[in-house]
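Here's the structure we're looking at; comments come further down.
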Amino acid sequence: MVNLQNVTKIFPARSNGQVTRALDDVSFKINKKEFVSIAGKSGAGKTTLLKLILAEIKPTSGQIFFDGEDFSKIKPGRLPQLRRKIGAVFQDYKLLPSKNVYENIAYIMEVIGVSDEEITRDVPQVLEIVGLKEKSQNFPAELSAGERQRVAIARALIHRPEVILADEPTGNLDPYNTLDIVRLLLKIHQLGTTVVLATHKKEIINSLQKRVITLEKGRIIRDEENGRFVF
Amino acid sequence: MSVATCFIMVITILLGSSLFLLKDINQFLTSSIQEKADISVYFKEDAAEEEIFNLEEELSKIPEVKDIKYISKEKALEEFTKKHKDESSLMESLAEVGGNPFLAALNIKAFEASQYQAVVNFLENPDFENLIEKVDYYQRKPIIEKIFALTVGMKNTGLVISIILAIVAVLVTFNTIRLAILNQGEEIRIQRLVGASNWFIRAPFLVQGAIAGFFATLISLLIFSLICLFLSPKIEILFSDLNIWNFFTKNFSTIILLQLATGILLGMISSTIAIRKYLKV
Numbered sequence: 001m002v003n004l005q006n007v008t009k010i011f012p013a014r015s016n017g018q019v020t021r022a023l024d025d026v027s028f029k030i031n032k033k034e035f036v037s038i039a040g041k042s043g044a045g046k047t048t049l050l051k052l053i054l055a056e057i058k059p060t061s062g063q064i065f066f067d068g069e070d071f072s073k074i075k076p077g078r079l080p081q082l083r084r085k086i087g088a089v090f091q092d093y094k095l096l097p098s099k100n101v102y103e104n105i106a107y108i109m110e111v112i113g114v115s116d117e118e119i120t121r122d123v124p125q126v127l128e129i130v131g132l133k134e135k136s137q138n139f140p141a142e143l144s145a146g147e148r149q150r151v152a153i154a155r156a157l158i159h160r161p162e163v164i165l166a167d168e169p170t171g172n173l174d175p176y177n178t179l180d181i182v183r184l185l186l187k188i189h190q191l192g193t194t195v196v197l198a199t200h201k202k203e204i205i206n207s208l209q210k211r212v213i214t215l216e217k218g219r220i221i222r223d224e225e226n227g228r229f230v231f
Numbered sequence: 001m002s003v004a005t006c007f008i009m010v011i012t013i014l015l016g017s018s019l020f021l022l023k024d025i026n027q028f029l030t031s032s033i034q035e036k037a038d039i040s041v042y043f044k045e046d047a048a049e050e051e052i053f054n055l056e057e058e059l060s061k062i063p064e065v066k067d068i069k070y071i072s073k074e075k076a077l078e079e080f081t082k083k084h085k086d087e088s089s090l091m092e093s094l095a096e097v098g099g100n101p102f103l104a105a106l107n108i109k110a111f112e113a114s115q116y117q118a119v120v121n122f123l124e125n126p127d128f129e130n131l132i133e134k135v136d137y138y139q140r141k142p143i144i145e146k147i148f149a150l151t152v153g154m155k156n157t158g159l160v161i162s163i164i165l166a167i168v169a170v171l172v173t174f175n176t177i178r179l180a181i182l183n184q185g186e187e188i189r190i191q192r193l194v195g196a197s198n199w200f201i202r203a204p205f206l207v208q209g210a211i212a213g214f215f216a217t218l219i220s221l222l223i224f225s226l227i228c229l230f231l232s233p234k235i236e237i238l239f240s241d242l243n244i245w246n247f248f249t250k251n252f253s254t255i256i257l258l259q260l261a262t263g264i265l266l267g268m269i270s271s272t273i274a275i276r277k278y279l280k281v
C-alpha cells in the first residue's frame with residue numbers, strides 16, 4: 001500500500017545556516033488494512049513523514065510508492081486522483097474557512113464528482129458518526145478545537161479512502177475528546193481502512209496495542225508489532 | 001473579488017477605449033493639418049487655359065502627387081472678394097488696380113513633405129519657362145517641413161504614451177486581482193491537499209474574473225458614452241469637422257468588443273497567473 005525506500009528529507013538552511021535533516025534514510029512498508037502508529041517526540045519527523053506520503057513535499061532522496069505508483073514519476077494531473085485515495089487529518093485541521101461544516105465535507109465529494117443525491121445522503125450520516133449533526137451550518141471559526149478535529153475526520157472519511165493519515169489528531173484536545181477520536185479511528189480501521197496515526201502521546205500508543213514505528217531525529221529506531229511507547 | 005477590483009478594471013478599460021478614440025482623433029488632426037500643406041504654381045498672364053490643363057495632366061502622372069486643384073483667374077478673384085468683402089481698404093485697392101490682377105494657379109498636394117522637391121524639379125523644366133510665372137515652394141518650404149515633422153512627432157508620442165499607459169493599467173489590474181486572491185492562498189492549498197484537480201480549483205476564480213470584467217465593461221461603456229455625448233459639442237467648437245459622438249456611434253460594435261475583450265481577458269488571465277503559485281502543492 002505505502003512503501004518508503006531509503007527516504008531522506010533535508011530542509012534548506014534557515015537563518016542559523018544549518019540544514020535540517022528531518023528524515024534520514026527511512027524505509028518501511030505499510031500493508032493494506034493495517035493500523036500503524038508513528039511515535040516520536042516533537043521534531044522527530046512524524047509530520048514530515050506524513051507530508052511525504054501525501055506528496056505535499058518531495059523527498060530529497062529515496063522513493064515513495066503508493067499503491068505501486070512511484071510519486072517521483074507521477075504526472076501532475078494524476079496527483080489529485082491519488083490524493084483522493086487518502087483521507088488526511090491534519091494537525092491544524094486545514095478546514096476551508098469560508099465554507100460551513102456541511103460544505104467542508106461536501107466539497108470532497110464534489111471534487112471526486114459524486115452526484116448531489118449521494119452528497120445529501122452521505123454527509124448527514126458522517127456528521128452523525130462524528131456527533132456534529134447540530135453544527136452542520138456552523139463555520140469552522142465557530143467551533144471548538146475538538147469539534148474542528150471531528151469535522152476534519154468526517155472529511156477524511158466521507159469518500160471512503162483506502163488510507164487515513166492522521167497527524168496528531170489529538171494534539172489540541174482534552175483527554176475526553178482524545179479518547180473519542182481514538183475510538184473513532186479504531187472504528188474506521190475495523191471497517192477495513194488502513195490508518196496511519198502520528199502521535200507523541202504515550203497513553204494512546206500503549207492503549208492501542210498495534211504496530212508502532214518509533215522515530216528519533218529522523219531515523220527509525222524501532223518498528224514492532226504490538227509495540228509500546230518507549231523512551 | 002470585490003468592488004475595488006471591478007473599479008480598477010473600469011479605469012483600465014476606459015483608458016483602453018480612450019486610447020482607441022485618441023488614436024483616431026490624432027489621425028484626424030494630423031491629416032487635417034497635412035491637408036493645409038501645399039504648393040502653388042502661378043501661371044503667366046497670357047498662359048492659355050489649354051496649356052495649363054496639359055500641364056495638370058502631366059503633373060497628375062507623377063506618383064508623388066496626391067491632389068491637384070485648378071484655380072482660374074476669375075475663381076481667384078471671386079474667392080478673394082468673398083473672403084475680404086468686409087475689409088474696405090483691400091476692396092478699394094483692388095478697385096484701384098482695375099481688372100483682374102490675379103493669376104491662374106494650380107494647387108498641388110503631395111503625400112509627404114520630401115516629395116515636393118520632385119514636383120518642383122519637374123516644374124522647373126525649361127519647357128514650361130514661358131508658361132509659369134512662379135512656384136511658391138521656396139517660401140513655403142520651411143512651413144511644410146515643420147508641419148510634416150509635427151504630425152510625425154504627434155503620432156509617435158501618442159503611440160509611446162498609449163503603450164506606457166496600457167502597460168501600467170494592466171499591471172495595476174493584475175496586482176489588484178492578485179491581492180484579492182492572496183488571502184485565499186491557504187484555501188487553495190487545502191483544496192489541492194484533499195485531491196481537487198487544478199481546473200476544479202481554478203474554474204470559480206476564472207468565472208469570478210470574467211464576471212468582474214463583464215460588469216467593469218458595462219460600467220465603462222456607460223461612462224464612456226456619457227463622456228462622448230457631453231464632450232462632443234465642446235470638441236466640435238474647437239475642430240469643426242470632428243464629432244466624437246458620431247465616431248462613437250459609428251464604432252459602437254468595435255468599442256464594445258474592445259472593452260469586453262479587455263475586461264474579460266484581463267480578469268481571467270490575471271486570475272490564472274495569480275493562483276498559479278498556490279497550485280504547486
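Chains Y and W, in that order, are what the protein sequence lines are. For the first sequence, the numbering used here begins at 1 and goes up steadily by one. For the second sequence, the numbering used here begins at 1 and goes up steadily by one. In this text, a Cβ means the ideal position worked out from N, Cα and C, and glycines have one as well. Note that the coordinates shown come from a computational prediction; the quantities given were computed from them, not determined experimentally.
Note the first and the last residue of the continuous beta strand (DSSP E) segment covering residue i.
| i | result |
| --- | --- |
| L96/Y | No beta strand (DSSP E) contains L96/Y, which DSSP labels as neither H nor E. |
| V19/Y | Where V19/Y is concerned, there is no enclosing beta strand (DSSP E), given that its DSSP letter is neither H nor E. |
| I71/W | 65-71 |
| D67/Y | Looking at the DSSP string, D67/Y is not in any beta strand (DSSP E), and its letter there is neither H nor E. |
| I215/Y | According to the sequence displayed, residue 215/Y carries Leu and not Ile. Counting along the chain, the beta strand (DSSP E) containing L215/Y begins and ends at 211-216. |
| S225/W | S225/W -> not in any beta strand (DSSP E); alpha helix (DSSP H) instead, spanning 198-238. |
| A39/Y | 35-39 |
| R233/Y | Any answer about residue 233/Y is impossible in this case: the structure gives chain Y only from 1 up to 231. |
| V2/Y | 2-11 |
Tell me the rounded alpha-carbon separation between residue i and residue j.
| i | j | result |
| --- | --- | --- |
| W199/W | V281/W | 14 Å |
| L90/W | E96/W | 10 Å |
| F11/Y | L23/Y | 10 Å |
| S197/W | K85/Y | 14 Å |
| E277/Y | Y176/Y | Lying outside 1 to 231, the shown extent of chain Y, residue 277/Y is not represented and no answer is given. |
| N130/W | K44/W | 8 Å |
| K51/Y | V7/Y | 13 Å |
| I232/Y | T173/W | The structure shown does not extend to residue 232/Y, since chain Y spans only 1 to 231, so no value can be given for it. |
| G16/W | V170/W | 10 Å |
| Q34/W | K75/W | 24 Å |
| D223/Y | K94/Y | 30 Å |
| S88/W | L94/W | 10 Å |
| S232/W | I223/W | 14 Å |
| I275/W | Q208/W | 13 Å |
| K73/Y | G192/Y | 29 Å |
| R83/Y | I129/Y | 23 Å |
| S31/W | S18/W | 20 Å |
| H159/Y | K99/Y | 18 Å |
| V19/Y | K58/Y | 16 Å |
| I237/W | K61/W | 39 Å |
| K69/W | E79/W | 14 Å |
| I211/W | I264/W | 7 Å |
| P161/Y | I13/W | 48 Å |
| F252/W | I167/W | 24 Å |
| K277/W | P140/Y | 25 Å |
| Y107/Y | L184/Y | 22 Å |
Hey, could you find the ends of the alpha helix (DSSP H) residue i is sitting in?
| i | result |
| --- | --- |
| S271/W | 252-276 |
| G87/Y | First-last for G87/Y: 86-89, but that is the beta strand (DSSP E), not the alpha helix (DSSP H). |
| T157/W | 137-182 |
| E103/Y | 101-112 |
| D122/Y | 116-129 |
Contact list for the stretch 143-175 of chain W against chain Y, Cβ threshold 7 Å:
none
For the stretch 169-187 of chain W and the stretch 224-240 of chain W, state whether three or more C-beta atom pairs, one from each stretch, are separated by less than 8 Å.
no
Could you say if the stretch 88-97 of chain Y and the stretch 144-153 of chain Y meet the contact criterion of at least three C-beta pairs nearer than 8 Å?
yes
Would the stretch 69-80 of chain Y count as touching the stretch 186-197 of chain W if we require 3 or more Cβ pairs under 8 Å?
yes
Using a Cβ-Cβ cut-off of less than 7 Å, give me the residues of the stretch 205-230 of chain W that come near chain Y, in sequence order.
none
Quick check for students: name the residue ranges of the alpha helix (DSSP H) that lie wholly in the stretch 127-213 of chain Y, counting only runs of 4 or more.
145-157, 175-190, 202-208
Per the contact definition of three or more C-beta pairs closer than 8 Å, is the stretch 264-273 of chain W in contact with the stretch 22-32 of chain W?
no
Taking a cut of 7 Å between CB atoms, which residues from the stretch 164-190 of chain Y lie near chain W?
none
Can we say the stretch 159-168 of chain W touches the stretch 70-85 of chain W, given the rule of at least three CB pairs closer than 8 Å?
no
Contact list for the stretch 73-95 of chain Y against chain W, Cβ threshold 9 Å:
P76, G77, L79, P80, Q81, L82, R83, R84, K85, I86, G87, A88, F90, K94, L95
Quick check: the stretch 7-15 of chain W against the stretch 205-221 of chain Y, are at least 3 beta-carbon pairs closer than 8 Å?
no
Would you call the stretch 99-117 of chain W and the stretch 127-146 of chain W in contact, with 3 or more CB pairs under 8 Å?
yes
Within the chosen definition, does the stretch 247-256 of chain W reach the stretch 39-56 of chain W through at least 3 CB pairs nearer than 8 Å?
no
Pairs of beta-carbons, one from the stretch 95-104 of chain Y and one from the stretch 182-196 of chain Y, closer than 8 Å: are there three or more?
no
Start-end ranges of the beta strand (DSSP E) lying completely within the stretch 77-107 of chain W, minimum 3 residues:
none
The stretch 160-170 of chain Y touching the stretch 46-62 of chain Y, judged by at least three CB pairs closer than 8 Å:
yes
Check distances from the C-beta atoms of the stretch 111-127 of chain Y to those of chain W and list, in chain order, the residues that come in under 8 Å.
V111, I112
Identify each residue in the stretch 185-196 of chain W for which the Cβ-Cβ distance to at least one residue of chain Y is less than 9 Å, and report them in chain order.
E186, E187, R189, I190, Q191, R192, L193, V194, G195, A196
Residues in the stretch 35-63 of chain Y having any Cβ partner in chain W nearer than 8 Å
L54, E56
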